[in-house]
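I have placed the structure first, in the form of structure tokens, so that the comments after it can refer back to it.
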Amino acid sequence: MRSWSPYALLVVAAIALDQWIKHLVETGLPFQEKLDLVPFLALFRTYNTGIAFSMFSSFGDTGLVVIAVLVVAFVLYLATRTPSGHVIARTGFALIIGGALGNLIDRAVYGHVIDYILFHTPVWSFAVFNLADAFISVGAALVVFDELIGWRREPSNAKPSKAKPSKD
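Numbering follows the UniProt record's numbering, in which position 99 of the sequence shown is assigned residue number 99; successive positions increment by one, without gaps.
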């Protein structure tokens with residue numbers, strides 16, 4: 001169990017940071033009023049009643065909580081099957097779980113997820129998201145990255161052919 005301690009701490013830290021920032025946003029940022037930080041980044045408090053990009057909002061709170069719990073359980077299953085040497089993947093799984101649990105807390109307590117980060121230009125804007133969403137995205141990228149470098153880590157099992165070359 002000791003090998004899981006750093007990852008468990010990362011999950012707890014991700015949840016705590018996510019919830020703390022959401023508390024600051026809820027208590028200090030006006031609802032749906034853009035506060036520009038730099039020309040392409042703003043704070044914009046809004047509520048997401050679905051999953052990513054408001055998908056599946058018709059499932060209702062209970063349905064979305066069940067989906068989130070199933071996703072966390074599946075990611076936890078994958079993490080436990082990952083060898084201890086795959087630190088990048090385990091870190092990614094911890095970030096995914098921390099982000100998912102952070103958003104799950106919002107959904108269970110408020111019935112929606114608090115979003116507040118807005119990337120935009122004068123003619124385009126990205127969906128509003130939060131730190132938990134960023135943890136999930138970065139975590140997924142780390143897992144994929146670990147898989148990609150894993151291919152280079154594993155020795156090739158292919159043995160050279162002993163067949164004589166044909167004389168065509």
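Where a beta carbon is used, it is the ideal one built from N, C-alpha and C, also for glycine.
Coarse secondary structure for residue i, derived from DSSP in three states
i                 : result
valine 65         : helix
arginine 90       : helix
arginine 107      : helix
valine 71         : helix
alanine 127       : coil
threonine 49      : coil
phenylalanine 119 : strand
phenylalanine 56  : coil
phenylalanine 40  : coil
Cα-Cα separation, residue i to residue j
i                : j                 : result
leucine 95       : phenylalanine 129 : 16 Å
alanine 140      : leucine 29        : 29 Å
aspartate 36     : leucine 76        : 37 Å
leucine 142      : alanine 100       : 16 Å
isoleucine 51    : aspartate 18      : 17 Å
aspartate 61     : glycine 102       : 15 Å
phenylalanine 44 : phenylalanine 126 : 12 Å
Extent of the continuous alpha helix (DSSP H) to which residue i belongs
i            : result
threonine 27 : 5-28
Top-ranked residue by Cα proximity to residue i, from the options
i          : options                  : result
valine 38  : Leu118, Ala127 and Ile21 : Leu118
serine 137 : Ala108, His120 and Ala89 : Ala89
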